[in-house]
Amino acid sequence: MSAFIQQLPALIGVVVGALGSYLAVVRSDRARFRREQAARWEERRLGVYSDYARTLKKTITLVCRVAAHFGNDPHPHPLSPEEAAPLLAESTLARDPDGEALLLLGSPEVVEKARVWVTVVLEMEQFLRDGTRDPEAWRVLLERHRNGRDGYYAAVRDDLALPPGLAVRWQLPPVRSS
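Yeah, the sequence shown ends on 178 if you go by UniProt numbering, and it's all consecutive.
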């Protein structure tokens, strides 16, 4: 029995070492799982954020084309409201599920900036449904849209810890008066 007693400290050391090793591996695996899970959610949020922006951009392109039909916008490919109606309906239908995904996965800041941006887009749509011919009022709406878009992109970059982006403003030719 004295041999066993003499070996007991070594045996306890092995058990403690094995237990410590096991706990370190479990802790490391948990940390890795959390990092991977966070990366997956970040990728999903980025997808949702870009899908929403792409959907709004499609609507903006269509409303700019219709605005060109009314002489409000310099877009080179005017589109009559009648021709645009089914395309705008399709864009609106795509915006709804993208908006729901944004509400589900988006940070509160990004959702708020998206709300600001889409509100301007809805105002632009109403402006055209009313058949308004006012290039200066349209220019103000476009500027508000650009500010809304820039705010949305800035909130997305903050949420995903991306480096700051460059707010690009294309120089557009002036609207020709008819």
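Note that the Cβ used here is the ideal one computed from N, Cα and C, for glycine as well. Quick caveat, the model's predicted, so the values are computed rather than measured.
Which listed residue (the options) has its alpha carbon closest to that of residue i
i	options	result
Leu93	Thr55, Arg40, Leu11	Thr55
Pro74	Arg44, Ala31, Val110, Pro135	Pro135
Ala114	Asp51, Ala24, Ala10	Asp51
Glu42	Pro163, Pro164, Gly165, Asp159	Asp159
Glu100	Leu19, Val25, Val140, Val48	Val48
Beta-carbon proximity of residue i to residue j, cut-off 8 Å
i	j	result
residue 184	Ser80	Given that the chain is displayed from residue 1 to residue 178, the structure contains no residue 184 and the question cannot be resolved.
Arg65	Ala89	no
Val63	Glu125	yes
Leu141	Glu123	yes
Residue i, buried or exposed, once every other Cβ within 10 Å from all chains shown has been counted against 16
i	result
Asp98	buried
His145	buried
Val121	buried
Val14	exposed
Arg27	exposed
Arg45	buried
Val16	exposed
Inter-residue spacing [alpha-carbon to alpha-carbon] between residue i and residue j
i	j	result
Ala155	Asn72	30 Å
His69	Thr132	11 Å
Asp96	Leu105	14 Å
Phe127	Ala67	9 Å
Thr61	His77	10 Å
Arg157	Arg30	27 Å
Asp130	Arg32	56 Å
Open item on the list: Check whether the segment 103–123 and the segment 148–160 are in contact - that is, three or more C-beta pairs closer than 8 Å.
Closed with: yes
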